[in-house]
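Count the sequence shown with the UniProt record's numbering and you get residues 1 to 122, in order.
All residues carry an ideal CB built from backbone N, CA and C; glycine is no exception.
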Amino acid sequence: MSENLASQDLVGFAVEPITDCPHIPAYKIIEKGPDLYHKPCQSCGDTKENWQCLHCKSVYCSRYCQGHMKQHIQDVPEHSVCISYSDLSVWCYKCDNYITHNDLEPIKRILYVSKFGQEPYQ
């Protein structure tokens, strides 16, 4: 394999979250708790890479595990926004994109404190 071809395989891409998701207002706030991010998938019990639905607060595993969050969204299409326990990213299935918005900061802060035991750095 040529050096040029090998370097092309390593090229990644940037994901730019959207800031104008119209589905953000439909979410519910999550409760504080020290082990919040350890909640298992409600379908299979996995705890490795879970997401929480911000509409009903249900916890399901990612598409890279058994895909129960994606199944939840297909079963309940009015639920579309969820947050990752792994990296605190927020995904909207209707917009098919990561989202960022100031209204999501309280939720991210709660999960950050639950995961790391301290407030995030400003």
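Point to revise | Simplified DSSP state of Y64, which is helix, strand or coil | key: Residue state, collapsed to three classes: coil.
Check your understanding: How would you call Y121, buried or exposed, if buried means at least 16 neighbouring beta carbons within 10 angstroms?
Key -> By the Cβ neighbour-count rule, Y121 is exposed, with fewer than 16 other Cβ atoms within 10 Å of its own.
Point to revise | DSSP state of S86 mapped onto helix, strand, coil | key: S86 falls in the coil class under three-state DSSP.
Check your understanding: Between the Cα of H23 and the Cα atoms of F116, C56 and K94, which residue gives the shortest distance?
Key -> In terms of Cα proximity to H23, the closest of F116, C56 and K94 is K94.
Practice item. Output the boundary residues of the beta strand (DSSP E) element that contains I99. Key: According to the DSSP assignment, I99 belongs to the beta strand (DSSP E) that extends over N97 to I99.
**Study point:** One or two residues paired with Q52 in a DSSP bridge
**Key:** Under DSSP, the beta-bridge partners assigned to Q52 are V59 and I83.
Check your understanding: Straight-line CA distance for S7 to E16?
Key -> Only weak support is given to the placement of S7: the predicted model assigns it a pLDDT of 48, under 50, and the question is left unresolved by the model.
Point to revise | Euclidean distance between Cα positions of K39 and Q66 | key: Approximately 16 angstroms, taken between the alpha carbons.
Review point. So which of Y60, S86, Q74 and N50 has the shortest CA-CA distance to F116?
Key: Out of Y60, S86, Q74 and N50, S86 has the C-alpha closest to the C-alpha of F116.
Check your understanding: The alpha helix (DSSP H) with S114 in it runs from where to where?
Key -> Counting along the chain, the unbroken alpha helix (DSSP H) around S114 starts and ends at E105 to F116.
Exercise for review: Pick helix, strand or coil for T47, following the three-state DSSP scheme.
Suggested key: Coil.
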